[in-house]
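Chains as they are written, first to last, in the numbering used here: chain L, 3 to 194; chain S, 3 to 194. Read through the structure below, which is laid out as structure tokens, and then see the notes.
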DNA sequence: CCTTTTTTGAAACAATCATTTCAGAATAAT
DNA sequence: ATTATTCTGAAATGATTGTTTCAAAAAAGG
């Protein structure tokens, strides 16, 4: 009985996410966004909503991707400790090679203080990140891969919050060796 | 031969800093700023400059205050390790009680990626923070207050980047106990 | 093919943005 | 007191902000 939506919404969200990621919420204008999404603002307001709603969808999309990654890693074939070490090394590579830091971290500091919806999405994401680490650490302890004289939930909390500072360090000093040394120390703390 | 500047520039910078601190660079409008500074925009542009210049001055002011604090602590009478532990506990209290996170961290993620002047100021600030920790840690090792089987520069780097994640954690979860537990673990790692 | 419903594109919207202008008030030195 | 210079306040600047309007284009179902 009527026309269908012409543009690919998933692709448009992906493009908008990249703009927000690079420029931040306040730094990205609606023209920046619609240019990247290759749609007219009327289409945006008809289907997705206003700027805030678009941002929510983008942050949600970002955290969905992370969730998939964690699930895939947990279902992998390697041992818990090997999975953890792999993850850390890849995280280091992302920090060193990526140029836009982490969107979850940036958004936490820029908007989570004022926007409750964003805060809630990021809190849930952080909780999943914690759970991912907690699972691996406690399994590694059970299997005797790492020593079991610390509380897994404390270690997961502690390590989970550690990443953020590495991003900041790399923004300010652009020193890959610094990050790699901290990661090595991080792993050594776990294993010995 | 002529009139003097009427307003207190130092006080105006302080007020502007508080606005940027809370709202971020892009989130703070010039009206927000001049309202808080209680000056006309013409006075601002005559004496300090444009918005970017004002922000530079505010970030500089923020880091100057931190520098003074570190110097005062280094010149205190307590032992190196006691000074370090005091500092950590006060940092935890600031995270838990403050409501606007850390301006240096927020600015690093929002603008340091695009603005080289801000990046440079924050990198210098981070370097001083590192030096502060490095001084205390190496002195504590010399005096036998903590074990000396780790590289002080690595420990200083590692601990220096750890704070940032605590701020993020508190923004997302508002859980004081979580921060306190991580701080306690932090101190235990050093001392044992 | 025709009707109905929806999407699209371009333009317009008022509001706000950072910044500038300029006349008049203020003040320091003569 | 006069003069020379600078600062201040209010208003205006043009650009950009997020958002809306609406006619024309598109397409699905009868």
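Think of the CB as a built atom: it goes at the ideal place given N, C-alpha and C, for glycine as much as any other residue.
Checklist entry - Residue ranges of each alpha helix (DSSP H) run of no fewer than 4 residues wholly in the segment 61-103 of chain S, ordered along the chain? => result If we require 4 residues or more, the alpha helix (DSSP H) runs fully inside the segment 61-103 of chain S come out as 82-99.
Checklist entry - At least one CB of chain L closer than 8 Å to the CB of residue 38 (chain S): is that the case? => result Locating residue 38 (chain S) in the second chain gives position 36, where the first residue counts as 1. Not one chain L Cβ lies under 8 Å of residue 38 (chain S).
Next on the checklist: Could you compute how far the alpha carbon of residue 179 (chain S) sits from the alpha carbon of residue 41 (chain S)?
Outcome noted: Locating residue 179 (chain S) in the second chain gives position 177, where the first residue counts as 1. Locating residue 41 (chain S) in the second chain gives position 39, where the first residue counts as 1. About 42 Å.
Next on the checklist: Between residue 107 (chain L) and chain S, is any beta-carbon pair separated by less than 8 Å?
Outcome noted: Indexing the first chain from 1 puts residue 107 (chain L) at position 105. By this cut-off, residue 107 (chain L) is an interface position.
Checklist entry - Are the segment 149-156 of chain L and the segment 130-140 of chain L touching by the rule of at least three beta carbon pairs closer than 8 Å? => result Enough Cβ pairs lie closer than 8 Å, so yes.
Checklist entry - Among the residues of its own chain, which have a CB less than 7 Å from the CB of residue 26 (chain S), if the five just before and after it don't count? => result Residue 26 (chain S) sits at position 24 when you count from the first residue of the second chain. These residues qualify, in order along the chain: 108 and 112.
Item to check | C-beta neighbour in chain S for residue 167 (chain L), strict 8 Å | outcome: Reading the first chain from its first residue, position 165 is the one you call residue 167 (chain L). Answer yes: the Cβ-Cβ gap between residue 167 (chain L) and chain S drops below 8 Å somewhere.
Checklist entry - Out of curiosity, what's the CA-to-CA distance linking residue 131 (chain S) and residue 105 (chain S)? => result Position 129 of the second chain, counting from 1, holds the residue named residue 131 (chain S). Position 103 of the second chain, counting from 1, holds the residue named residue 105 (chain S). Going by C-alpha positions, residue 131 (chain S) is about 14 Å away from residue 105 (chain S).
Item to check | Close beta carbons around residue 124 (chain L), own chain, < 8 Å, minus the five adjacent residues each side | outcome: To locate residue 124 (chain L), count along the first chain from 1; it is residue 122. Closer than 8 Å at the Cβ level, and outside the excluded window around residue 124 (chain L), lie 61, 65, 106, 109, 110 and 114.
Checklist entry - Looking at C-alpha atoms only, which residue of L:15, L:19, L:84 and L:30 is the closest neighbour of residue 147 (chain L)? => result Locating residue 147 (chain L) in the first chain gives position 145, counting from the first residue. Among L:15, L:19, L:84 and L:30, the Cα nearest to that of residue 147 (chain L) belongs to L:84.
Checklist entry - Whose Cβ in chain S lies nearer than 8 Å to the Cβ of residue 173 (chain L)? => result Position 171 of the first chain, counted from the start, is the residue given in the question as residue 173 (chain L). 110, 111, 114, 115 and 121, listed in chain order.
Item to check | Distance, residue 4 (chain S) Cα to residue 189 (chain S) Cα | outcome: Stepping through the second chain from its first residue, residue 189 (chain S) is reached at position 187. Stepping through the second chain from its first residue, residue 4 (chain S) is reached at position 2. Rounded to the nearest angstrom, the gap between the Cα atoms of residue 189 (chain S) and residue 4 (chain S) is 58 Å.
Item to check | Neighbourhood of residue 32 (chain S) by C-beta distance below 7 Å, restricted to the same chain and skipping five residues each side | outcome: Translated into positions along the second chain, residue 32 (chain S) becomes position 30. Closer than 7 Å at the Cβ level, and outside the excluded window around residue 32 (chain S), lie 43 and 53.
Item to check | Interfacial residues, the segment 16-44 of chain L to chain S, with Cβ spacing under 7 Å | outcome: Those residues of the segment 16-44 of chain L that come within reach of chain S (Cβ to Cβ, closer than 7 Å) are 26, 28 and 29.
Item to check | Within chain L, the residues that residue 187 (chain S) reaches when beta carbons sit closer than 7 Å | outcome: Locating residue 187 (chain S) in the second chain gives position 185, where the first residue counts as 1. Within 7 Å Cβ-Cβ: 156 and 160.
Checklist entry - Just to check, is the beta-carbon of residue 188 (chain S) closer than 7 Å to a non-hydrogen atom of the ligand GDP? => result The ligand GDP is not part of this structure, which contains no ligands at all.
Next on the checklist: Going by DSSP in three states, residue 31 (chain S) sits in which element: helix, strand or coil?
Outcome noted: As a working note, residue 31 (chain S) is residue 29 in the second chain. In the displayed model, residue 31 (chain S) falls within coil according to three-state DSSP, outside both helix and strand.
Checklist entry - Alpha carbon to alpha carbon, how far is residue 10 (chain S) from residue 97 (chain S)? => result Stepping through the second chain from its first residue, residue 10 (chain S) is reached at position 8. Stepping through the second chain from its first residue, residue 97 (chain S) is reached at position 95. If you draw a straight line from the Cα of residue 10 (chain S) to the Cα of residue 97 (chain S), it is about 30 Å long.
Checklist entry - At a CB-CB cut-off below 8 Å, which residues of chain S make contact with residue 125 (chain L)? => result Along the first chain, read from residue 1 onward, the residue named residue 125 (chain L) stands at position 123. Residues of chain S with a Cβ closer than 8 Å to the Cβ of residue 125 (chain L) are, in chain order, 174 and 175.
Item to check | Opening and closing residue of the alpha helix (DSSP H) in which residue 188 (chain L) lies | outcome: The sequence position of residue 188 (chain L) within the first chain is 186, counting from 1. Taken as a continuous stretch (DSSP letters only), the alpha helix (DSSP H) holding residue 188 (chain L) covers 178-193.
Checklist entry - residue 21 (chain S): which of S:35, S:78 and S:161 sits nearest, CA to CA? => result Against the second chain, residue 21 (chain S) aligns to sequence position 19. Of S:35, S:78 and S:161, the residue nearest in Cα terms is S:35.
Next on the checklist: So, at 6 Å on beta carbons, what are the nonlocal neighbours of residue 63 (chain S) in its own chain, with the 5 sequence-adjacent residues on each side left out?
Outcome noted: Start at 1 with the first residue of the second chain, and residue 63 (chain S) comes out as number 61. So the list reads 15 and 19, once near-sequence residues are dropped.
Checklist entry - To the nearest angstrom, how far is it from the Cα of residue 102 (chain L) to the Cα of residue 193 (chain L)? => result By one-based count along the first chain, residue 102 (chain L) stands at place 100. By one-based count along the first chain, residue 193 (chain L) stands at place 191. If you take the alpha carbons of residue 102 (chain L) and residue 193 (chain L), they lie about 31 Å apart.
Checklist entry - Of the residues S:128, S:37 and S:87, which one's Cα is nearest the Cα of residue 185 (chain S)? => result In the second chain, the residue the question calls residue 185 (chain S) occupies position 183. The shortest C-alpha separation from residue 185 (chain S) is found at S:87.
Next on the checklist: So residue 164 (chain S) contacts chain L; which residues on that side make the cut at Cβ distance below 8 Å?
Outcome noted: Position 162 of the second chain holds residue 164 (chain S). Ordered by position in chain L, the residues that pass the 8 Å Cβ test against residue 164 (chain S) are 163, 164 and 167.
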